[in-house]
Ligand code: TRP
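Residue numbers (this note's numbering): 74 to 150.
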């Protein structure tokens with residue numbers, strides 16, 4: 074199904090450490106968390122932006138692959 078920006082892009086998140094959080098934020102005037110997924114080391118989540126999800130926040134050490142960038146998120150400690 075196309076995402077609201079007209080693409081079918083997926084983002085891939087692979088946890089480098091235990092306890093990575095993938096947090097979906099709502100689309101629309103009210104921006105709030107609507108889903109939190111916990112990943113342990115080696116676990117992968119494949120996700121899209123949808124009519125419900127306009128932003129994704131990733132907390133903890135993870136590798137993130139998207140069509141515009143491949144990058145690592147890092148935790149403070
Ligand atoms: N029910 C959510 C939705 O359709 C599921 C989801 C899609 C999601 N992409 C996400 C949850 C990214 C967290 C992060 O939007």
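Ideal Cβ placement from N, Cα and C applies to all residues, glycine included.
Approximately 5 Å separates the beta-carbon atoms of residue 88 and residue 116; this is inside 8 Å, confirming the contact. Distance from the C-beta of residue 88 to the nearest heavy atom of ligand 1 is not below 8 Å. Taking 8 Å as the cut-off, the C-beta of residue 129 counts as close to a heavy atom of ligand 1.
The residue among 146, 126, 85 and 128 with its C-alpha nearest the C-alpha of residue 135 is 146.
Not a single unbroken stretch of the alpha helix (DSSP H) spanning 4 or more residues falls wholly within the segment 113–149.
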